[in-house]
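**Student:**
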Amino acid sequence: MLALLREISLRHWTRAPLRSLLIVLGISLGVALYVSTEAASRAMIAAFNELVARVSARADLTIEGAGSGVSSDMLGEVTEVPGVAHAAASLELTSQAPDYGESLLVLGVDLLGDLHFLPFNVTQGESRVIEDPLAFVNDPLAVLVAQRFAKRHGLTRGGTLRMLTADGPKDFHVRGVLDDSGPASSFGGQVVVMFLDAAQVSFSRGVSVDRIDVAVDPGVRASDVRQRLAKKLGPGVSVENPDRLGAHLKELVLPMSAALELTELIALLVGVFLVYNAVGIAVAQRSREIGLLRALGVTRGRTVRLLCLEAAALSLPAVVLGLVIARSLAKWATAETLQVVNRLYYSIAVMKPEMTSSLMLRGAAAGVVMALSAAWWPGRRGARIDPAVVLRGASSAPRARLPYLPLLGVGAVLLVASRLGSLGTSFAAGATSLTCAVLGSAFATPAIVVATRFAAVGAVERVFGVPGRLGLDYVERTLGRSTVNVLALMVAVSMSVGVGGWVSSFKRTLSSWFDRISTAELTVTCGSPVLDHGHLLISPETAARISKVEGVSAVQPLRGLPTTLNGLSFNLAGTDTTTFLVEAKKRGKGWPLVEGAPLEPAELERSPEILLAEVAAHRMHLKVGDHVTFHARKQDVSFEVRGIIVDYSSASGSGFVDRRFLREYWGEESVDAVNVFVADRASTDTVANRIRQTLGTGIFVTQNDDIQRHLGEMLTEAFSYARSVEWVTLLVALLGVMGTMIAAVLDRRREIGALRAIGATERQVAAAIIVEAGFLGFCAVVAGVALGLMESSLFLRTLVLHDTGWHVDFVFPWVSTVRIGALAILTSMFAGGVAALQAARSDVAGSVVYE
1 MLALLREISL RHWTRAPLRS LLIVLGISLG VALYVSTEAA SRAMIAAFNE LVARVSARAD
61 LTIEGAGSGV SSDMLGEVTE VPGVAHAAAS LELTSQAPDY GESLLVLGVD LLGDLHFLPF
121 NVTQGESRVI EDPLAFVNDP LAVLVAQRFA KRHGLTRGGT LRMLTADGPK DFHVRGVLDD
181 SGPASSFGGQ VVVMFLDAAQ VSFSRGVSVD RIDVAVDPGV RASDVRQRLA KKLGPGVSVE
241 NPDRLGAHLK ELVLPMSAAL ELTELIALLV GVFLVYNAVG IAVAQRSREI GLLRALGVTR
301 GRTVRLLCLE AAALSLPAVV LGLVIARSLA KWATAETLQV VNRLYYSIAV MKPEMTSSLM
361 LRGAAAGVVM ALSAAWWPGR RGARIDPAVV LRGASSAPRA RLPYLPLLGV GAVLLVASRL
421 GSLGTSFAAG ATSLTCAVLG SAFATPAIVV ATRFAAVGAV ERVFGVPGRL GLDYVERTLG
481 RSTVNVLALM VAVSMSVGVG GWVSSFKRTL SSWFDRISTA ELTVTCGSPV LDHGHLLISP
541 ETAARISKVE GVSAVQPLRG LPTTLNGLSF NLAGTDTTTF LVEAKKRGKG WPLVEGAPLE
601 PAELERSPEI LLAEVAAHRM HLKVGDHVTF HARKQDVSFE VRGIIVDYSS ASGSGFVDRR
661 FLREYWGEES VDAVNVFVAD RASTDTVANR IRQTLGTGIF VTQNDDIQRH LGEMLTEAFS
721 YARSVEWVTL LVALLGVMGT MIAAVLDRRR EIGALRAIGA TERQVAAAII VEAGFLGFCA
781 VVAGVALGLM ESSLFLRTLV LHDTGWHVDF VFPWVSTVRI GALAILTSMF AGGVAALQAA
841 RSDVAGSVVY E
């Protein structure tokens with residue numbers, strides 16, 4: 001076998017380098033995305049574990065509250081519970097260092113309380129900060145910075161660090177540098193430690209903290225202490241194990257992880273198509289050689305093993321190339337995914353993905369298995385060649401016709417199954433529907449090619465004459481090979497159309513909703529131009545200063561509290577409802593009501609009433625007139641459901657109440673954002689500049705159009721990795737078309753020579769080949785657009801509805817469809833042009849006597 005590989009296979013690799021390159025590229029693509037996806041998933045898990053370790057430290061239990069956290073006054077009650085050995089309050093939030101353009105994780109710790117949960121060490125500055133905390137807490141602007149961050153920016157004891165706060169940027173005093181251990185080593189070293197009281201004042205958190213960490217006495221079960229704490233503290237707070245946060249975060253990013261796995265599957269599928277096609281071409285071109293080997297006594301089994309061994313041998317350099325590409329792709333995928341998590345959920349460090357030896361070995365095994373599985377069927381088909389028939393002449397070898405009608409029947413059944421599966425809203429139903437849609441489209445592709453050829457042959461012949469008709473005849477004669485190329489291209493086209501459909505649908509739906517509720521001309525935020533995880537609270541004093549700026553007619557403060565309702569996650573938003581309704585009525589806008597009577601301006605301010613988002617009402621089976629109870633920080637409060645509205649601000653459900661109830665029952669004075677209404681005849685740009693001059697740097701004053709643009713950018717970021725894989729997949733698929741067309745020219749060398757001998761010009765022969773390649777691209781666009789629309793529609797009707805409860809209207813992605821369609825057809829024609837150039841250079845006499 002090795003002798004055959006050395007004497008026969010090596011010669012074909014050197015004589016047909018493009019075909020060998022296609023096999024290498026197909027395998028390397030699959031290996032690269034398989035390994036990079038695994039590495040990215042591991043990096044995300046490591047980031048989650050780092051978050052859990054940072055949150056839990058030495059804690060056995062954590063106490064968290066609804067809304068903006070728990071009151072630090074609760075610490076005394078916690079320490080009285082039997083079994084509690086240590087308890088300490090902590091604050092954790094994200095700020096910005098504008099001078100360095102970096103985010104900072106700010107840890108507020110109580111240096112005057114229990115120091116059990118302080119595992120960091122000081123390398124410079126206040127060496128006795130733990131033993132004598134007064135030296136640190138007497139300075140309300142004192143901070144400790146992580147060693148990596150300090151080295152990167154040349155910070156030492158006595159230096160100054162500017163950070164954004166609830167009152168704008170402030171200069172903080174660097175009183176020490178922390179070892180790169182414990183919390184200081186998390187979040188990429190971008191960590192700042194402050195005294196708890198100072199952090200509460202600087203970031204307008206009042207007396208609230210994010211959590212209270214608890215360590216239990218040795219020999220005491222944490223579950224028993226948990227029950228005692230829950231009974232002692234009552235409703236409104238949760239007592240959980242620290243690892244619950246990591247599990248919750250993994251659930252939040254499950255759709256992102258599923259998207260990574262989907263791209264991995266698609267890449268493997270395209271790679272298998274390319275290897276299958278390349279080996280199939282090799283079998284067709286070497287039919288005479290295979291016949292000679294069979295006549296000389298080589299068995300069918302050895303013939304199949306030889307062709308599979310050739311593909312496996314080519315998989316070795318492909319694996320090396322794939323692993324090189326995987327390293328870059330893993331960094332890209334990890335950075336993009338965790339950037340979305342950082343922006344929307346929690347402050348997590350972007351971990352560096354590790355290419356472990358076991359992972360690389362699995363990637364190599366996947367590449368070899370992919371090569372063997374893709375080469376086995378065409379190798380088996382080649383081994384069945386009758387040596388007597390082939391030796392009489394290659395042209396006499398019969399061609400098996402592809403049974404496209406039975407395949408169409410199988411495809412129709414699968415497409416109907418995908419339609420039936422879409423009637424459910426579960427994740428399993430959506431995944432099953434998408435799988436059936438892809439497989440059904442693949443089985444139906446041969447019939448699509450035949451039907452499209454039948455419909456187009458007349459028009460093509462009128463435009464291109466006999467060469468056009470000849471090109472379409474080539475497609476039908478080699479239907480199996482043509483279908484494989486169409487399948488590979490179809491997957492790439494469907495990815496582009498599907499992702500484009502998701503993005504355009506989300507953008508249109510969110511834009512329409514935002515237009516209805518965006519009544520103010522300007523929005524003032526701190527830390528980030530939109531309300532993501534990077535924004536900071538605005539103090540009530542700062543909000544009051546905004547209302548006094550010349551040209552401001554009214555302001556509408558907005559505060560959102562993440563809480564629970566009926567045991568489910570919920571976002572409670574408090575705002576100045578009277579101002580909003582008055583200004584909205586002037587502009588013909590307002591909350592889009594699904595159920596309930598129109599609202600009067602001061603109605604929500606007079607009594608505890610809530611406008612409930614449609615998602616929350618559906619999940620909790622609530623209607624107008626029902627009552628919902630929240631466990632507020634001061635006491636429980638019940639709101640009557642005044643109306644059901646359309647709202648996309650929270651996937652878990654949301655509701656709007658007047659802000660006075662947040663101040664009264666939750667003690668919340670700070671706000672997330674301030675909507676600003678500009679007075680008549682005042683310039684919006686002028687008022688925006690006045691607010692910036694009044695508040696200083698670090699404050700974002702954003703117009704509505706800019707907010708929509710930022711929301712669109714966030715949405716695009718979430719799909720950026722899928723976009724990059726889409727282009728890689730398309731490139732490799734188009735290389736497959738080029739290889740197929742060049743191989744087709746070699747297969748038809750005698751036929752092309754005969755055409756030239758009877759008077760066909762070089763231009764006519766080239767036109768036939770280019771029409772054939774362009775038609776393959778056109779068929780891929782037809783099938784890919786149909787599949788992409790099905791994928792997009794199924795995604796919105798099942799997976800999105802299941803994960804978020806949002807009803808997103810499908811919007812046809814014209815831009816993506818036209819771009820990918822034109823690109824697929826034009827580049828397919830270019831691939832045909834490369835093959836046509838080779839055909840035009842062929843020797844007529846030599847081609848006629850070929851074989």
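Residue 91 in our numbering sits at position 91 of the sequence shown; the count goes up by one each step and never skips. Don't be surprised by glycine CBs; every beta carbon is placed ideally from N, CA and C. Predicted, not measured: the structure shown is a model, and the values here were computed from it.
Just grab the DSSP bridge partners of R633 for me.
**Tutor:** In DSSP, R633 forms no bridge with anything.
**Student:** Say whether the segment 98-118 touches the segment 540-547, bearing in mind that this needs 3 or more beta-carbon pairs closer than 8 Å, one atom from each stretch.
**Tutor:** No contact exists between the segment 98-118 and the segment 540-547.
**Student:** For V298, report the span of its alpha helix (DSSP H) as first-last.
**Tutor:** Here V298 belongs to no alpha helix (DSSP H), and DSSP marks it neither H nor E.
**Student:** From the DSSP output, in three-state form, read off A760 for me.
**Tutor:** Three-state result, A760: coil.
**Student:** On a Cα-Cα basis, can you pick out the residue from E605, G189 and L229 that is closest to R148?
**Tutor:** When each option's Cα is compared against that of R148, the closest is G189.
**Student:** What does the Cβ neighbour count give for E583, buried or exposed, with the cut at 16 atoms within 10 Å?
**Tutor:** With 16 or more Cβ atoms within 10 Å of its Cβ, E583 is classed as buried.
**Student:** Tell me the rounded alpha-carbon separation between W591 and T62.
**Tutor:** One C-alpha to the other measures close to 38 Å.
**Student:** Work out the CA separation of E609 and V628 for me, nearest whole Å.
**Tutor:** In a straight line, the C-alpha of V628 is about 9 Å away from that of E609.
**Student:** Given 8 Å as the limit, is there contact between the segment 644-652 and the segment 686-704, that is, 3 or more CB pairs closer than that?
**Tutor:** Contact fails: fewer than three Cβ-Cβ distances are below 8 Å.
**Student:** So does the segment 559-572 actually touch the segment 656-676, counting three or more Cβ pairs closer than 8 Å?
**Tutor:** Yes: the two stretches touch, three or more of their Cβ pairs being nearer than 8 Å.
**Student:** Could you tell me which residues DSSP pairs with K232 in its beta bridges?
**Tutor:** For K232, which the question treats as bridged, DSSP gives no partner whatsoever.
**Student:** On the three-state DSSP scale, how would you describe D658?
**Tutor:** It is a strand residue.
**Student:** Here's the rule I'm using: 16 or more other beta-carbon atoms within 10 Å means buried, otherwise exposed. How should P353 be labelled?
**Tutor:** Label assigned to P353: buried.
**Student:** Which residue wins for smallest C-alpha separation from E751, given the options S494, F677, V678 and G471?
**Tutor:** E751 has its Cα closest to that of G471, out of S494, F677, V678 and G471.
**Student:** Between G832 and E92, what straight-line distance do the alpha-carbon atoms span, to the nearest angstrom?
**Tutor:** In a straight line, the C-alpha of G832 is about 60 Å away from that of E92.
**Student:** Would you kindly report the start and end of the unbroken alpha helix (DSSP H) that includes Q200?
**Tutor:** Unbroken alpha helix (DSSP H) run through Q200: L196 to S202.
**Student:** Compute the distance between the beta-carbons of V737 and L776, then report whether it is under 9 Å.
**Tutor:** Yes, they are a contact pair.
**Student:** Is it the case that the segment 24-40 contacts the segment 360-375, given that we only count it when at least three CB pairs across the two stretches are under 8 Å?
**Tutor:** Output reads yes: the segment 24-40 touches the segment 360-375.
**Student:** Are the CB atoms of V486 and V785 nearer to each other than 9 Å?
**Tutor:** The answer is no: Cβ separation not under 9 Å.
**Student:** Have a look at A397 and M490 and give me their C-alpha separation to the nearest angstrom.
**Tutor:** With a pLDDT of 44 at A397, under the threshold of 50, the modelled position of that residue is not reliable, and the figure given next carries that caveat. Distance between the alpha carbons of A397 and M490: 30 Å.
**Student:** How should Q96 be labelled, buried or exposed, when 16 other C-beta atoms within 10 angstroms of its C-beta is the threshold for buried?
**Tutor:** Its Cβ being crowded by 16 or more others within 10 Å, Q96 is buried.
**Student:** Do the CB positions of A312 and V35 come within less than 9 Å of each other?
**Tutor:** Not in contact: A312 and V35 (Cβ atoms no closer than 9 Å).
**Student:** Would you call R606 buried or exposed, if buried means 16 or more other Cβ atoms sit within 10 Å of its Cβ?
**Tutor:** Exposed is the call here.
**Student:** In the DSSP assignment, the beta strand (DSSP E) including S95 goes from what residue to what residue?
**Tutor:** Its beta strand (DSSP E) spans residues V84 to A97.
**Student:** Round the Cβ separation of L155 and V174 to the nearest angstrom and send it over; I've been treating them as touching at under 8 Å.
**Tutor:** With 8 Å as the limit, L155 and V174 qualify as a contact, their Cβ atoms being about 5 Å apart.
**Student:** Evaluate A836 with the Cβ neighbour count: other Cβ atoms within 10 Å of its Cβ, from every protein chain shown; 16 or more gives buried, anything less gives exposed.
**Tutor:** With 16 or more other Cβ atoms within 10 Å, it is buried.
**Student:** Sort out for me which residues DSSP pairs I525 with in a bridge.
**Tutor:** First, the residue type needs correcting, since residue 525 is Thr and not Ile in the sequence shown. Bridge partners of T525: F700.
**Student:** So if DSSP puts L144 in a beta bridge, which residue, or which two residues, is it bridged to?
**Tutor:** According to DSSP, L144 bridges with G176 and V193.
**Student:** Quick one: is R481 buried, meaning 16 or more other Cβ sit within 10 Å of its Cβ, or exposed?
**Tutor:** Looking at its Cβ environment, which holds 16 or more other Cβ atoms inside 10 Å, R481 is buried.
**Student:** Residue range of the beta strand (DSSP E) that P557 falls in?
**Tutor:** Start and end: V552 to L565.
**Student:** Taking the straight line between their C-alpha atoms, what separation do you get for G527 and M829?
**Tutor:** Rounded to whole angstroms, G527 to M829 spans 50 Å at the Cα level.
**Student:** Pop quiz: V304 and A383 are said to be a contact at Cβ under 8 Å. What is the actual Cβ separation, rounded to whole angstroms?
**Tutor:** About 5 Å; that satisfies the 8 Å criterion.
**Student:** Locate the alpha helix (DSSP H) running through V475, then write down its first and last residues.
**Tutor:** It spans V466 to R477 - the alpha helix (DSSP H) in which V475 sits, taken as one unbroken run.
**Student:** Would you mind stating whether R659 and T577 have Cβ atoms separated by less than 9 Å?
**Tutor:** Taking 9 Å as the Cβ cut-off, R659 and T577 qualify as a contacting pair.
**Student:** Return yes when the Cβ of F580 is within less than 9 Å of the Cβ of A616, no when it is not.
**Tutor:** No, these two residues do not count as a Cβ contact at 9 Å.
**Student:** On the three-state DSSP scale, how would you describe L439?
**Tutor:** Helix.
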